[in-house]
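In this note's numbering, the protein residues as written are -3 to 458. C-beta atoms are modelled at their ideal positions from N, C-alpha and C, and glycine is treated no differently.
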Ligand SMILES: Cc1cc2nc3c(=O)[nH]c(=O)nc-3n(C[C@H](O)[C@H](O)[C@H](O)COP(=O)(O)OP(=O)(O)OC[C@H]3O[C@@H](n4cnc5c(N)ncnc54)[C@H](O)[C@@H]3O)c2cc1C
């Protein structure tokens, strides 16, 4: 296999490298996409290594959220369109009673609520059981490609710089950090279309759910928020936002804060965003306690580990998913998973306020996502999965729910095995074989006929 050769590592890094590891498949970033990719890749005969900058896996799934969307199409007749390793994750959470379903025909459809602290342990367990070599607290800081392998440089606070030589790379860093350092082209969010806003999520305890429901629940909250926003009684950043029940009793989790016009890839931008996110969270706390029945004695018990970043770099792949593909429920011969989630675009509107714009796949349908969206255009040994995959802004705003990011990881992990087994470049593997192996793993590649059996306390695999 021909590989591009590149020498760019700074002298300071090269001379400071204290240890070099070798692997076959290297996954950068242990979010929902990367952790799933690692579990999938370990089904082959190859050595698999996952490197994550924080001390726990899961990325956004454990850093700030508690609901998987995208398993089901949002419709009166929901279909379950994701399977395989994502099911294993949910099943594992279900064993200890750490999920419940939130049936929903609108929004992003039925959500799978989970306990995010338990999910950290579930990812750990499944990664270790799969035989994945794990490095936490290690950040990719540079890439030097040489011949058949890529040489990736990481920084660990205790150890300093170390490197990993890998035959295949799966960039699951969310920010496409590998692609950035390897000079693989991408579009940065905000360059063309307004970038999606950032959100610090927060959790509150001691909420009286019955009192809240009796006072009108979601509808009442929306009205109170809109009123407070208009009156300025509490300087809320937006007039809508969600607060929902968690697995933990008397607790809620929110997606309410909105931070706009700051660049999360710039050190000054991300610093200001973190501070602003926390400031807004406590304005919401005051609002909830003063205005919302059931919240009188509630308090914030946790903020997200970092501010939630919806999009940064979107890599240019062999195929770029477009809004037209999504909204026409297009299918492809080489599709590797399905998505029925609406475009959910959190951005600044023309009047300067920050709102959410929704657009649905017609008739509760789903579209296929082709293999080329996870294969960067100018690389042979690399896949890009999760929120940095190849899509336009609008298509990305639909295809970013975690059931879909896990599906991308599942496909990339299996594709990497195939690529090594057949000694073919990422873009030249036999996609039919990949599809066969996805189906054997339980992935859903065709729209199911049956309506999903959804009940609040159950979990249906099919
Ligand atoms: C505020 C917010 C609310 C959302 N709400 C929902 C929701 O309710 N349900 C839903 O399904 N989806 C939701 N989404 C979308 C979804 O969560 C994300 O699209 C998805 O989690 C992205 O997964 P990922 O694995 O691609 O990236 P991430 O989860 O961002 O994972 C990337 C991982 O890579 C690590 N990393 C980054 N850089 C490096 C580096 N240089 N070296 C080593 N490691 C690195 C990070 O620490 C992280 O663990 C939401 C997103 C946001 C931001």
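Contact with chain D by residue i, beta-carbon distance below 8 Å
i, result
"residue 195", "Of the protein chains in the structure, only one exists, and it is not chain D."
Residue i: CB within 7 Å of a non-hydrogen atom of ligand 1
i, result
"residue 242", "no"
"residue 351", "no"
"residue 341", "no"
"residue 469", "This structure cannot settle anything about residue 469, because the visible part of the chain is limited to -3 through 458."
"residue 248", "no"
"residue 197", "yes"
"residue 306", "yes"
"residue 29", "yes"
"residue 383", "yes"
"residue 10", "no"
"residue 64", "yes"
"residue 398", "yes"
"residue 462", "Examination of residue 462 is not possible in this model, given that the chain is present from -3 through 458 alone."
"residue 57", "yes"
"residue 25", "yes"
"residue 365", "no"
"residue 318", "no"
"residue 155", "no"
"residue 169", "yes"
"residue 216", "no"
"residue 130", "no"
"residue 449", "no"
"residue 86", "no"
"residue 45", "no"
"residue 135", "yes"
"residue 122", "no"
"residue 118", "no"
"residue 61", "yes"
"residue 173", "yes"
"residue 380", "no"
Start and end residues, beta strand (DSSP E) containing residue i
i, result
"residue 216", "Element bounds for residue 216: not the beta strand (DSSP E) but the alpha helix (DSSP H), 213 to 227."
"residue 148", "145 to 152"
"residue 206", "Where residue 206 is concerned, there is no enclosing beta strand (DSSP E), although the alpha helix (DSSP H) it sits in stretches over 205 to 210."
"residue 135", "135 to 142"
"residue 156", "156 to 167"
"residue 297", "295 to 299"
"residue 378", "378 to 380"
Assumed close pair residue i, residue j - CB separation to whole angstroms, cut-off 8 Å
i, j, result
"residue 438", "residue 79", "4 Å"
"residue 69", "residue 40", "Their Cβ separation, rounded to whole angstroms, is 32 Å, which puts residue 69 and residue 40 out of contact at 8 Å."
"residue 97", "residue 451", "7 Å"
"residue 24", "residue 210", "No, residue 24 and residue 210 are not in contact; Cβ-Cβ is about 49 Å, not under 8 Å."
"residue 46", "residue 27", "Actually they do not touch by this definition, with Cβ atoms about 10 Å apart."
"residue 370", "residue 313", "7 Å"
"residue 364", "residue 60", "Actually they are not in contact, since the Cβ atoms of residue 364 and residue 60 sit about 29 Å apart, beyond 8 Å."
"residue 65", "residue 398", "7 Å"
"residue 405", "residue 162", "With 8 Å as the limit, residue 405 and residue 162 do not qualify as a contact, their Cβ atoms being about 16 Å apart."
"residue 85", "residue 128", "Residue 85 to residue 128, Cβ: 14 Å. No contact."
"residue 226", "residue 287", "Not confirmed; about 13 Å, so no contact."
"residue 280", "residue 252", "5 Å"
Element boundaries [alpha helix (DSSP H), containing residue i]
i, result
"residue 30", "28 to 37"
"residue 392", "389 to 394"
"residue 291", "Run containing residue 291: none; DSSP gives neither H nor E here."
"residue 192", "Taken as a continuous stretch (DSSP letters only), residue 192 belongs to no alpha helix (DSSP H), as it is neither H nor E."
"residue 283", "263 to 287"
"residue 407", "398 to 418"
"residue 174", "173 to 177"
"residue 83", "81 to 91"
"residue 320", "319 to 323"
Per DSSP, cross-strand counterpart(s) of residue i
i, result
"residue 372", "313"
"residue 47", "24, 131"
"residue 251", "238"
"residue 15", "158"
"residue 342", "352"
"residue 97", "108"
"residue 461", "This structure gives no information on residue 461, because the portion of the chain shown stretches from -3 to 458."
"residue 429", "BP columns for residue 429 are empty, so no partner."
"residue 184", "309"
"residue 76", "68"
"residue 119", "According to DSSP, residue 119 bridges with nothing at all."
"residue 198", "299"
"residue 63", "109"
"residue 54", "27"
"residue 491", "Past the boundaries of the shown model lies residue 491; the chain is included only from -3 to 458, so the question cannot be answered."
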